[in-house]
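What follows is a set of notes on a single structure, which appears directly below.
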Amino acid sequence: MFTLKHYIEDLINLLFPELCYGCGNLLYHGEKDICTACLYDLPYTDYHLHANNLLAKQFWGRLPLETAMAMLYFKKGTKVQNLLHGLKYKNQTNIGIRLGKLLAQRLSESQLYVDIDVIVPVPLHQKKLRLRGYNQSEYIAKGLAEELGIPMDTKSLMRNKATESQTKKARYTRYENMQDVFCVNDTEGLANKHILLVDDVVTTGATLEASGNILMNHGVKKLSIAAIAFAEQ
Ligand SMILES: [Zn+2]
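Take the sequence shown: its position 10, counting from 1, is numbered 71 in our numbering, and each next residue is one higher.
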């Protein structure tokens, strides 16, 4: 039934049209944040169904992981980049929550993520946090936590110092540079738990490797990784 509420919603939409964060087209009635066509079209990896996927393999010998996945392939100039750019640089934090919920749907289809105890977003350095005003990975983790009904912890894993631009360095130097970047200040909250570490985009994996190893050194029982997108090297 077309109620007064629907009528008012449509009127508001007419005056302030909502656009899809992926393609920029107008959203239709019932669509939110991302249009149906984009949701259908996104380059899903299906990594959550395959323990030995490319992302998991990238961490072999670097980090003792239970399992790892990223939901989408990342390529420049695509809808995936539009979504993540909006989340990271344009204050469009609801994209993070929406993507986190989509990620949760994927994880709940998999047997690999059934015993996660705590969701931990990769922390942003305080200086960057002040500049941007928010940690984009925290919004992804929030959507994920809400949908899965698993607690999120944003206090136990912290970042020490800002890292200079990592892009032009070799992997080893990057890893060394990351070694003293993270610290754990509440071991009790994480000890003997299966932690799901959450990031937006994985490229070299240096940040996840450093933060993951710090977590493992503080009594975490099992560690897994979930990210929105993976940029193959
Ligand atoms: Zn769209």
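Each residue gets a CB set at the ideal place from its N, CA and C atoms; glycine is no exception.
Only a predicted model underlies this, so the values are computations on that prediction, with no experimental measurement involved.
Residue i beta carbon near ligand 1 (any heavy atom closer than 8 Å)
i	result
Asn299	Since the first and last residues shown for the chain are 62 and 294, residue 299 lies out of range.
Ala165	no
Gly83	yes
Lys140	yes
Cys99	yes
Own chain partners of residue i with C-beta closer than 7 Å, once the 5 adjacent residues on each side are dropped
i	result
Cys81	Leu88, Ile95, Cys96 and Cys99
Beta-carbon proximity list for residue i, same chain, < 6 Å, skipping 5 on both sides
i	result
Ala117	Ala129
Lys149	Gln197
Met253	Note on residue identity: the sequence assigns Asn, not Met, to residue 253. Closer than 6 Å at Cβ, skipping near neighbours: Lys282.
Segment limits, beta strand (DSSP E) that includes residue i
i	result
Cys244	Phe243 to Val245
Leu284	Lys283 to Phe291
Thr248	Counting along the chain, Thr248 falls outside any beta strand (DSSP E), though it belongs to the alpha helix (DSSP H) covering Thr248 to Leu251.
Asp260	His255 to Val263
Ala129	Thr128 to Tyr134
Endpoints, alpha helix (DSSP H) assigned at residue i
i	result
Asp71	Leu65 to Leu76
Leu116	Leu115 to Gln119
Met277	Ala267 to Met277
Nearest residue (CA-CA) to residue i, options the options
i	options	result
Arg167	Asp178, Asn196 and Ala131	Ala131
His90	Asp102, Ala202, Ile69 and Leu103	Ile69
Val262	Leu124, Ala288 and Gly273	Ala288
Leu257	Ile73, Ser272, Asn86 and Tyr195	Ser272
Leu190	Phe135, Arg220, Lys137 and Leu164	Arg220
Tyr101	Leu76, Lys140, Lys66 and Pro125	Lys140
Asn155	Leu72, His109 and Lys203	Lys203
His186	Ile201, Cys84, Leu133 and Lys216	Lys216
Own chain residues within Cβ distance below 8 Å of residue i, not counting five before or after
i	result
Ile275	Leu218, Phe243, Cys244 and Val245
Open item on the list: I'd like the ranges of any beta strand (DSSP E) spanning at least 3 consecutive residues and lying wholly in the segment 146-210.
Closed with: Fully enclosed beta strand (DSSP E) runs of 3 or longer: 179-182.
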